[in-house]
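Residue numbers (the numbering used here), protein chains in the order written: chain A, 19 to 276; chain B, 19 to 276. Note that beta-carbon positions come from the ideal geometry of N, C-alpha and C, so glycine has one too.
There are 2 protein chains.
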Amino acid sequence: MKGLAAAPGPKNWGHGKKLETDLVQRDGDSQLQTLVDKIKQEIIFGRLRPRERLIEDELSQRFGASRHLVRSAFSELQQMGLVTRRPNKGAIVRDFAPEEVDEIYEMRAMLQSEAASRIPLPADPNLIAELESINAAYEAEVEAHNLKRVCELNNRFHHTMFSACNNHYLSGLIQRVWTETLGIRCYAIGDPQLLARARDEHWQMLEALKAGNRTELVRLCVDHIWPALEAYKTAHGGWQTSGERKGEARPLKVAASR
Amino acid sequence: MKGLAAAPGPKNWGHGKKLETDLVQRDGDSQLQTLVDKIKQEIIFGRLRPRERLIEDELSQRFGASRHLVRSAFSELQQMGLVTRRPNKGAIVRDFAPEEVDEIYEMRAMLQSEAASRIPLPADPNLIAELESINAAYEAEVEAHNLKRVCELNNRFHHTMFSACNNHYLSGLIQRVWTETLGIRCYAIGDPQLLARARDEHWQMLEALKAGNRTELVRLCVDHIWPALEAYKTAHGGWQTSGERKGEARPLKVAASR
DNA sequence: GGCGACACAATTGTCAACAATTTTATCGTG
DNA sequence: CACGATAAAATTGTTGACAATTGTGTCGCC
Chain A
19 MKGLAAAPGP
29 KNWGHGKKLE
39 TDLVQRDGDS
49 QLQTLVDKIK
59 QEIIFGRLRP
69 RERLIEDELS
79 QRFGASRHLV
89 RSAFSELQQM
99 GLVTRRPNKG
109 AIVRDFAPEE
119 VDEIYEMRAM
129 LQSEAASRIP
139 LPADPNLIAE
149 LESINAAYEA
159 EVEAHNLKRV
169 CELNNRFHHT
179 MFSACNNHYL
189 SGLIQRVWTE
199 TLGIRCYAIG
209 DPQLLARARD
219 EHWQMLEALK
229 AGNRTELVRL
239 CVDHIWPALE
249 AYKTAHGGWQ
259 TSGERKGEAR
269 PLKVAASR
Chain B
19 MKGLAAAPGP
29 KNWGHGKKLE
39 TDLVQRDGDS
49 QLQTLVDKIK
59 QEIIFGRLRP
69 RERLIEDELS
79 QRFGASRHLV
89 RSAFSELQQM
99 GLVTRRPNKG
109 AIVRDFAPEE
119 VDEIYEMRAM
129 LQSEAASRIP
139 LPADPNLIAE
149 LESINAAYEA
159 EVEAHNLKRV
169 CELNNRFHHT
179 MFSACNNHYL
189 SGLIQRVWTE
199 TLGIRCYAIG
209 DPQLLARARD
219 EHWQMLEALK
229 AGNRTELVRL
239 CVDHIWPALE
249 AYKTAHGGWQ
259 TSGERKGEAR
269 PLKVAASR
């Protein structure tokens with residue numbers, strides 16, 4: 019029933035710095051956290067679409083959780099930037115205004131550039147080995163069309179790489195923006211071409227890390243993010259028309275996650 | 019009984035972008051939000067000290083709010099980075115490890131530098147007028163030793179200035195780091211010398227904004243943050259001794275906020 | 001006297017019912 | 001037939017009680 023939480027990384031129960039006890043408990047929060055993950059998945063894979071209203075009772079019975087838990091989950095998802103809430107009016111999947119998307123991506127570019135500039139080069143062999151292993155797994159899951167694990171491994175690849183920047187707070191910020199933009203990138207996930215391209219760029223990053231080619235590494239880390247942005251823009255039809263939308267673009271439909 | 023919410027700025031109920039209805043509701047959330055603000059104040063002014071345990075029942079009756087609300091407040095404060103929670107073990111005021119503090123301040127410097135670089139120069143007269151008015155009020159409240167309002171106005175000054183950087187997401191990030199570091203800066207607030215220095219530096223920033231002196235503006239925005247960091251470090255006695263602390267430094271005691 | 005098992009108290013996590021609010025549908029009136 | 005007021009339904013917000021977990025003190029045993 020409980021199952022293991024979907025996200026592979028460490029739970030984000032507060033800022034898990036070493037305090038007095040370093041026991042990494044993986045219980046207790048599981049109920050809420052798994053629910054949060056489930057809803058997150060629904061958003062990532064476009065089953066819940068931007069601006070769609072999230073009704074507490076509905077999700078409550080859909081996931082077999084109490085309404086109270088759903089409520090808490092909304093609260094977390096709101097802080098993650100995945101849903102928007104207004105008092106007495108409930109929660110909706112967050113929708114990004116065009117200008118907003120551009121601004122966020124500008125910041126992603128800046129932060130990732132900064133992080134890439136701080137990774138010691140040539141990179142630690144352990145780091146390289148780990149990244150290679152992750153990207154190999156990524157490659158395999160792309161072949162297997164297992165989108166859920168593709169998504170996880172992609173996340174892990176970047177998180178592992180940027181964690182090497184020697185500033186935990188910076189890598190934390192990047193992770194935050196990453197999560198926040200899940201609702202944007204959902205328009206790109208599932209496109210085989212983009213997935214293949216991402217895989218190739220990952221290998222290129224590894225080359226740059228090995229060769230100690232800073233310029234190339236930074237360029238790759240920045241340019242790596244644009245395709246998903248482009249996908250979002252095209253999915254939204256025109257663009258530039260900041261006020262009105264033409265024809266309610268929708269995220270790709272994807273096969274059930276397993 | 020309800021009173022007006024402490025924070026002067028707009029409530030942060032989700033990401034308040036214009037959606038369909040633009041009615042800025044200032045009700046409904048007031049209960050939770052005022053509670054969050056109250057607890058935040060307690061942390062800022064050192065009545066609740068780092069690592070101190072926050073017991074739900076206790077705060078519940080202290081603030082006359084239901085335990086459920088306290089719980090929600092903890093949830094928000096956790097995401098704000100002011101408290102840390104662990105499952106079944108409750109919440110404590112966040113405590114920063116020395117390396118962590120340095121990392122965060124490095125990022126504050128970077129983000130503020132980036133923002134300062136993006137503010138159009140010479141600055142909009144309206145912006146200058148607003149900042150001058152804020153800093154004048156700041157000056158007055160410093161004289162009056164009204165720390166609570168000093169804190170608010172200081173926040174408002176920076177937020178207003180950085181909001182002019184033409185990237186809402188960037189100014190949002192800065193605001194986030196600002197909030198997160200309240201628990202660090204609490205060691206500096208209340209020091210008259212530092213307050214006076216901050217006031218002067220604000221005027222200098224205004225000069226740079228008026229004169230269109232980018233280099234100076236960026237320098238000021240970055241250097242402005244170090245004094246509080248230094249105060250924190252000295253308050254913690256030694257330093258560098260990352261593992262152990264000597265003698266549990268404590269935030270300044272301050273007079274009751276009114 | 002030290003050490004482990006047990007029981008009790010303190011605290012957090014969960015649930016279901018109730019109250020308040022918003023949205024939708026209905027009805028009378030000009 | 002359009003329009004505004006009113007009532008009903010749907011949904012969210014709040015409260016209090018109950019269950020589960022953790023921390024602490026006590027007792028018996030070696």
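Over what stretch of residues does the alpha helix (DSSP H) that includes A214 of chain A continue unbroken?
P210 to A229 is the span of the alpha helix (DSSP H), which, as asked, contains A214 of chain A.
Thinking C-beta only, is L72 of chain B closer than 8 Å to V101 of chain B?
In contact: V101 of chain B and L72 of chain B (Cβ atoms closer than 8 Å).
From A141 of chain B to H220 of chain B, what does the alpha carbon distance come to, in whole angstroms?
Whole-angstrom Cα-Cα distance: 15 Å.
What do you reckon, are the CB atoms on I62 of chain B and L200 of chain B nearer than 8 Å?
Result yes, Cβ atoms of I62 of chain B and L200 of chain B sit closer than 8 Å.
Name the DSSP beta bridge partners of R203 of chain A, please?
In the DSSP output, where bridge partners are listed per residue, R203 of chain A has none listed.
Measuring CA to CA, which of B:M179, B:H163, B:N231 and B:V54 is closest to A214 of chain B?
For A214 of chain B, the nearest C-alpha among the options comes from B:H163.
Excluding sequence positions up to five away, which residues of its chain have a Cβ less than 7 Å from the Cβ of A226 of chain A?
The residues are E234, L235 and L238.
Between the Cα of I223 of chain A and the Cα atoms of A:E248, A:R203, A:G208 and A:T178, which residue gives the shortest distance?
Note that residue 223 of chain A is Met in the sequence shown here, rather than Ile. It is A:T178 whose Cα lies nearest to the Cα of M223 of chain A.
Can you name, in chain order, every residue of its own chain whose Cβ lies under 7 Å from the Cβ of V54 of chain A, other than the five neighbours on each side?
Contacts found: A91, E94 and L95.
Check this for me: beta carbons of V111 of chain A and E70 of chain A, under 8 Å apart or not?
Yes. Within cutoff.
Which residues, in chain order, does the segment 186-198 of chain B contribute to contact with chain A at a C-beta distance below 8 Å?
If the cut-off is 8 Å between Cβ atoms, the segment 186-198 of chain B has H186, Y187, L188 and L191 near chain A.
Near Y123 of chain A, what residues of its chain come up, given a Cβ to Cβ distance below 6 Å and the 5 sequence neighbours on each side ignored?
Hits under 6 Å: L247.
Report the rounded CA-to-CA distance for L212 of chain B versus W244 of chain B, giving the unit in angstroms.
If you take the alpha carbons of L212 of chain B and W244 of chain B, they lie about 11 Å apart.
So, helix, strand or coil for I110 of chain A, using DSSP?
It is a strand residue.
Grab the span of the beta strand (DSSP E) containing R103 of chain A for me, first residue to last.
Counting along the chain, the beta strand (DSSP E) containing R103 of chain A begins and ends at V101 to R104.
Can you check which of these residues, B:L145, B:V119 and B:R103, is closest to I202 of chain B by C-alpha distance?
Of the candidates B:L145, B:V119 and B:R103, the one whose C-alpha sits nearest the C-alpha of I202 of chain B is B:V119.
Taking C-beta pairs closer than 9 Å, name the residues in chain A that S93 of chain B reaches, listed in chain order.
In chain order: S90, S93, E94 and Q97.
Since E124 of chain A meets chain B, which of its residues come closer than 9 Å, beta carbon to beta carbon?
Near E124 of chain A (Cβ distances below 9 Å), the residues of chain B are N185, Y187 and L188.
Taking CB distances under 8 Å as the criterion, tell me whether M128 of chain A reaches chain B.
Yes, its Cβ sits closer than 8 Å to a Cβ of chain B.
Hey, how far is the Cα of R80 of chain B from the Cα of P68 of chain B?
If you take the alpha carbons of R80 of chain B and P68 of chain B, they lie about 19 Å apart.
Measure the alpha-carbon distance for Q97 of chain B versus A109 of chain A and round it to whole angstroms.
The alpha-carbon atoms of Q97 of chain B and A109 of chain A are separated by roughly 18 Å.
Taking the alpha helix (DSSP H) that F175 of chain A belongs to, which residues open and close that run?
Counting along the chain, the alpha helix (DSSP H) containing F175 of chain A begins and ends at L165 to S181.
Please state the DSSP three-state secondary structure of R69 of chain A.
Coil, per DSSP.
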